[in-house]
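Participant: Please find one structure pasted underneath; my questions will follow.
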Amino acid sequence: MKHFRSIGLALAATFAVSQAGAQELTGTLKNIKDTGAITLGFRDSSIPFSYLDDNQKPVGFAMDICYKIVDAVKKELKLDKLEVKLNPVTSATRIPLMANGTIDLECGSTTNNAERQKQVAFTNTHFLTASRYVFKKSSGLKSIDDLKGKTVVSTAGTTNIKQLTEANVEKKLGANIIPAKDHAEAFLMVETDRAVAFVMDDILLASLVAGSKAPGDYVISKDAFSKPEPYGIMLRKDDAPFKKVVDAATAALYTSGEGQKIYDKWFTQKIPPKGLNLNSPISPELKNEFAKPTDSPNPDDYK
Amino acid sequence: MNYHWNWGIFFEPNPMGTGNYLDMLLSGLVLTLKTGALAWVIALITGSLVGVMRTLPSKGANWFGFAYVEFFRNMPLLVQLFLWFFVLPELLPKAAGTWLKQLPNAPFWTAAIGIGFFMSARVAVQLQAGIGSLPRGQKMAATALGLTTVQAYRYVLLPMAFRIILPPLTSEFLNTIKNTAVAITIGLLELTGQARSMQEFSFQVFEAFTAATILYLLVNAVVVTAMRFLERWVAIPGYITGK
Chain A
-7 MKHFRSIGLA
3 LAATFAVSQA
13 GAQELTGTLK
23 NIKDTGAITL
33 GFRDSSIPFS
43 YLDDNQKPVG
53 FAMDICYKIV
63 DAVKKELKLD
73 KLEVKLNPVT
83 SATRIPLMAN
93 GTIDLECGST
103 TNNAERQKQV
113 AFTNTHFLTA
123 SRYVFKKSSG
133 LKSIDDLKGK
143 TVVSTAGTTN
153 IKQLTEANVE
163 KKLGANIIPA
173 KDHAEAFLMV
183 ETDRAVAFVM
193 DDILLASLVA
203 GSKAPGDYVI
213 SKDAFSKPEP
223 YGIMLRKDDA
233 PFKKVVDAAT
243 AALYTSGEGQ
253 KIYDKWFTQK
263 IPPKGLNLNS
273 PISPELKNEF
283 AKPTDSPNPD
293 DYK
Chain B
137 MNYHWNWGIF
147 FEPNPMGTGN
157 YLDMLLSGLV
167 LTLKTGALAW
177 VIALITGSLV
187 GVMRTLPSKG
197 ANWFGFAYVE
207 FFRNMPLLVQ
217 LFLWFFVLPE
227 LLPKAAGTWL
237 KQLPNAPFWT
247 AAIGIGFFMS
257 ARVAVQLQAG
267 IGSLPRGQKM
277 AATALGLTTV
287 QAYRYVLLPM
297 AFRIILPPLT
307 SEFLNTIKNT
317 AVAITIGLLE
327 LTGQARSMQE
337 FSFQVFEAFT
347 AATILYLLVN
357 AVVVTAMRFL
367 ERWVAIPGYI
377 TGK
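Protein chains in written order, with my numbering: chain A, -7 to 295; chain B, 137 to 379.
Next comes the structure, spelled out in structure tokens:
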């Protein structure tokens, strides 16, 4: 693949020289221009960020943002037509597919942190979420300290299970922590009383509860395990020209008030396919971020 | 490919505070070996019993052996583990179900027993074939010597049959080890599970799975070599496995 790319670059260089004055494109932008297509990676069940509706079409908050980015890219490259290809990704495949050029943007609920920035880049934050836990009303839990000696589940490989483990040591909870393969399975563990609580990003908990058989049975804790952490649309690292276009597009979207409108559409109104309403109005922290967009992975920068 | 290789990642501290990433993978490997070993013991014992039942003169035993094998062989392992872990406790009386759910290390026991039963159906079929491949005269001779059915199996048929099926049993053993990877579906963080965690934490996908692949290959190489020695040691001159 490397060879093809360098041949391509060499050809592009020759072409650029012969057409003096034309702006020289590199990386993702050049690729999009050459192929006339951009590929978005979507998740199949990250409600309401990126998921499949009843026509098996990916929709969601992050998808809407990505389509705005696509418009900006189209304008930047002065294209009449830009084909949008959609490619499903999972948490396990998003990095390989981004690295090998299959997808250009990942539109989902990926936490932007310093460790991950060694591998990929993120555009301006589109959501902030803190780690909390969901439990059955009947279990009568209140604070994090109530988890003492209980069985608690979280999803393997997430930042949440890491925070839970840290809290377990720090607060000497002696809780039995079990990892689950994915969010749905972790929630199933609480549903079937295998675990008393499930620690996860509060917004994902809200959507799991809203979609469960008896939403009234569950409560999400007030106590949080972490400061609100940022979610970002993921793109390839070291591609400054593309990132510039994407950052400008998301910044314009959030500061214009249109970001807030899209937010309300997905978080405070009924959403497909089942007409769930997550009832999660925008937080003050996210409102501040929308006013001053940033791609910082540091939770302290969002206050 | 626009990927940032970082082979040093294995020596960076893991976010769970349990040493570095390599320690994480090795703890997964230990769990893989424990699960695989326990599952294999269960598979050998149950599989041998069922395999023998399928060759007995008794119709009832035959039928049971047949039903057992078809039940465990015809359902995907992934589905079986899910059923044992999530569905079985719901079918039991409430107290028993709750007891089962709150067992410490429930995913480990469920995985070992579930994979053990799944593989036992395969061992049973192998053993049945092994016994079936023996000349009819062997059993007759044993009976003529005055051995009971149990004695005939114990002293004549099984020692022969097991030697004959040793090579296919080696591959069943390898399958058992590889099948433990399915246990991530019920939350057992064995080698594949830890590799997945590592890639989720660090986003270094290829390093994580390369290391997991190498570890699986090493384990399988050890098993294959050990089984070759065993085969040579128990070989009967003149038979397929003999020299």
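Note that beta-carbon positions come from the ideal geometry of N, C-alpha and C, so glycine has one too.
Excluding the 5 residues flanking Tyr255/A on each side, which residues of the same chain have their C-beta closer than 6 Å to its C-beta?
Facilitator: Taking the first sequence and counting its residues from 1, one reaches residue 255/A at position 263. Correct list, in chain order: Ile274.
Participant: Can you tell me which of Val237/A, Gly149/A and Ala243/A puts its alpha carbon nearest to the alpha carbon of Glu336/B?
Facilitator: Taking the second sequence and counting its residues from 1, the one referred to as residue 336/B is at position 200. Among Val237/A, Gly149/A and Ala243/A, the Cα nearest to that of Glu336/B is on Gly149/A.
Participant: Just to confirm the assignment, what range does the beta strand (DSSP E) spanning Met192/A have?
Facilitator: Taking the first residue of the first sequence as position 1, residue 192/A is located at position 200. From DSSP, the beta strand (DSSP E) with Met192/A extends over Ala189 to Asp193.
Participant: Considering only the alpha carbon of each residue, which of Val360/B, Ile301/B, Thr182/B and Phe221/B lies closest to Ile313/B?
Facilitator: As a first step, residue 313/B must be located in the second sequence, where it is residue number 177. Looking at the Cα atoms, Val360/B is the closest of the given residues.
Participant: Which residues in chain A have a C-beta closer than 7 Å to the C-beta of Val341/B? List them in chain order.
Facilitator: Walking along the second sequence from the start, residue 341/B turns up at place 205. Within 7 Å Cβ-Cβ: Ile87 and Pro88.
Participant: Is the Cβ-Cβ distance between Glu367/B and Leu283/B less than 7 Å?
Facilitator: Against the second sequence, residue 367/B aligns to sequence position 231. Against the second sequence, residue 283/B aligns to sequence position 147. Taking 7 Å as the cut-off, the beta carbon of Glu367/B is found no closer than this to the beta carbon of Leu283/B.
Participant: So is Val182/A buried or exposed if we call it buried at 16+ other beta carbons inside 10 Å?
Facilitator: For the purposes of this step, residue 182/A is taken as residue 190 along the first sequence, with counting starting at 1. When all chains shown are included, Val182/A counts as buried.
Participant: Using only CA atoms, which one of Asn104/A, Lys67/A and Leu270/A lies nearest to Asn290/A?
Facilitator: On the first sequence, position 298 is the one that residue 290/A refers to. If we check each option's Cα against that of Asn290/A, Asn104/A comes out closest.
Participant: Please say whether Val161/A and Ala189/A have beta carbons closer to each other than 7 Å?
Facilitator: Taking the first sequence and counting its residues from 1, one reaches residue 189/A at position 197. Taking the first sequence and counting its residues from 1, one reaches residue 161/A at position 169. No, these two residues do not count as a Cβ contact at 7 Å.
Participant: Would you list, in chain order, the members of the stretch 157 to 169 of chain B that have their beta-carbon closer than 7 Å to a beta-carbon of chain A?
Facilitator: Cβ contacts with chain A: none found.
Participant: Just by C-beta distance, which residues in the stretch 204 to 237 of chain B are closer than 8 Å to chain A?
Facilitator: Phe222, Pro225, Glu226, Thr234 and Lys237
Participant: When DSSP builds the beta bridges, which residues end up paired with Phe127/A?
Facilitator: The residue given as residue 127/A occupies position 135 in the first sequence. Answer is Ala189/A and Val211/A.
Participant: Just the C-alpha distance for Leu351/B and Ala283/A, rounded to the nearest angstrom, thanks.
Facilitator: As a first step, residue 351/B must be located in the second sequence, where it is residue number 215. As a first step, residue 283/A must be located in the first sequence, where it is residue number 291. The straight-line gap from Cα to Cα measures roughly 50 Å.
Participant: Might you give, ordered along the chain, the residues of its own chain that have their beta carbon closer than 8 Å to the beta carbon of Leu74/A, omitting 5 neighbours on each side?
Facilitator: Numbered from 1 along the first sequence, position 82 holds the residue referred to as residue 74/A. Result list for Leu74/A: Ile24, Gly28, Ala29, Ile30, Val62, Val65 and Lys66, in chain order.
Participant: In angstroms, rounded to a whole number, what distance separates the CA positions of Ala14/A and Leu69/A?
Facilitator: What you label residue 14/A is simply residue 22 of the first sequence in a count that begins at 1. What you label residue 69/A is simply residue 77 of the first sequence in a count that begins at 1. With a pLDDT of only 49 at Ala14/A, under 50, the local geometry of the prediction cannot be trusted, and the value read off the model is given with reservation. Per the coordinates, the alpha-carbon of Ala14/A lies some 12 Å from the alpha-carbon of Leu69/A.
Participant: Distance cutoff 7 Å, beta carbons only. Does Ala113/A sit that close to anything in chain B?
Facilitator: Within the first sequence, numbered from 1, the residue matching residue 113/A stands at position 121. No - not a single Cβ of chain B is within 7 Å of the one on Ala113/A.
Participant: Would Ala122/A pass as an interface residue toward chain B - the criterion being a Cβ-Cβ separation below 7 Å?
Facilitator: The sequence position of residue 122/A within the first sequence is 130, counting from 1. Chain B, which has no Cβ nearer than 7 Å to the Cβ of Ala122/A, makes this no.
Participant: Could you say which of Lys164/A, Glu98/A and Val211/A lies nearest to Lys140/A if we only look at CA atoms?
Facilitator: Taking the first residue of the first sequence as position 1, residue 140/A is located at position 148. Comparing Cα positions, the closest option is Lys164/A.
Participant: For Val76/A, does the three-state DSSP call read helix, strand or coil?
Facilitator: The residue labelled residue 76/A in the question sits at position 84 within the first sequence. Val76/A: strand per DSSP, three-state reduction.
Participant: Taking 8 Å as the cut-off, does the stretch 200 to 209 of chain B touch the stretch 268 to 288 of chain B (at least 3 CB pairs, one atom from each stretch)?
Facilitator: At 8 Å Cβ cutoff, the stretches do not touch.
Participant: Do you know how far the Cα of Met137/B is from the Cα of Ser199/A?
Facilitator: Along the first sequence, read from residue 1 onward, the residue named residue 199/A stands at position 207. Along the second sequence, read from residue 1 onward, the residue named residue 137/B stands at position 1. Approximately 36 Å, taken between the alpha carbons.
Participant: Leaving out five residues on either side along the sequence, give the residues of the same chain with a beta carbon under 6 Å from the beta carbon of Ser146/A.
Facilitator: In the first sequence, the residue the question calls residue 146/A occupies position 154. Closer than 6 Å at the Cβ level, and outside the excluded window around Ser146/A, lie Asn152, Ile153, Leu156 and Val191.
Participant: Please check the pair Asp56/A and Pro265/A, which I expect to be a contact at CB under 8 Å, by giving their CB distance rounded to whole angstroms.
Facilitator: To locate residue 56/A, count along the first sequence from 1; it is residue 64. To locate residue 265/A, count along the first sequence from 1; it is residue 273. Actually they are not in contact, since the Cβ atoms of Asp56/A and Pro265/A sit about 16 Å apart, beyond 8 Å.
Participant: May I ask you to report which of helix, strand or coil DSSP gives Met226/A?
Facilitator: Numbered from its first residue, the first sequence carries residue 226/A at position 234. Assigned with DSSP and collapsed to three states, Met226/A falls in strand.
Participant: For a test of the three-state rule: what should DSSP assign to Tyr294/A, helix, strand or coil?
Facilitator: Within the first sequence, the letter at position 302 stands for residue 294/A. Three-state result, Tyr294/A: coil.
Participant: Output needed in chain order: residues of the stretch 305 to 329 of chain B with a Cβ under 7 Å from some Cβ in chain A.
Facilitator: Ile320, Thr321, Gly323, Leu325 and Gly329
Participant: So, are the CB atoms of Ala122/A and Asp215/A less than 7 Å apart?
Facilitator: Residue 122/A sits at position 130 when you count from the first residue of the first sequence. Residue 215/A sits at position 223 when you count from the first residue of the first sequence. Taking 7 Å as the Cβ cut-off, Ala122/A and Asp215/A do not qualify as a contacting pair.
Participant: So what's Ala362/B in DSSP terms, helix, strand or just coil?
Facilitator: In the second sequence, residue 362/B corresponds to position 226, counting from 1. DSSP places Ala362/B in helix when its eight states are reduced to three.
Participant: Check each residue of the stretch 283 to 298 of chain B: if its Cβ is closer than 7 Å to any Cβ of chain A, include it; give the result in chain order.
Facilitator: none
Participant: Decide if the stretch 336 to 349 of chain B is in contact with the stretch 169 to 180 of chain B; the criterion is three or more beta carbon pairs, one per stretch, under 8 Å apart.
Facilitator: no
Participant: For a cutoff of 7 Å on Cβ pairs, would you count Pro151/B as touching chain A?
Facilitator: As a working mapping, residue 151/B is identified with position 15 in the second sequence. Chain A contact via Cβ: present.
Participant: Could you have a look at Tyr139/B and say whether DSSP puts it in helix, strand or coil?
Facilitator: Mapped onto the second sequence, residue 139/B falls at position 3. Coil at Tyr139/B, not helix or strand.
Participant: Just to confirm, are Leu293/B and Ile322/B a CB contact at a threshold of 7 Å?
Facilitator: Within the second sequence, numbered from 1, the residue matching residue 293/B stands at position 157. Within the second sequence, numbered from 1, the residue matching residue 322/B stands at position 186. No, these two residues do not count as a Cβ contact at 7 Å.
Participant: Would Ala248/B and Thr171/B be called neighbours here (beta carbons separated by less than 7 Å)?
Facilitator: Here residue 248/B refers to the residue found at position 112 of the second sequence. Here residue 171/B refers to the residue found at position 35 of the second sequence. Yes, they are a contact pair.
Participant: Report the residue from Trp199/B, Gln330/B and Ala371/B whose alpha carbon sits nearest the alpha carbon of Thr173/A.
Facilitator: Residue numbering aside, residue 173/A sits at position 181 when the first sequence is read from its first letter. A small correction: the amino acid at residue 173/A is Lys; Thr does not occupy that position in the sequence shown. Nearest option by C-alpha distance: Gln330/B.
Participant: Determine the closest residue to Val166/B out of Thr306/B, Phe244/B, Gly252/B and Gln340/B, with distance taken between C-alpha atoms.
Facilitator: Numbered from its first residue, the second sequence carries residue 166/B at position 30. Ranking Thr306/B, Phe244/B, Gly252/B and Gln340/B by Cα distance to Val166/B puts Phe244/B first.
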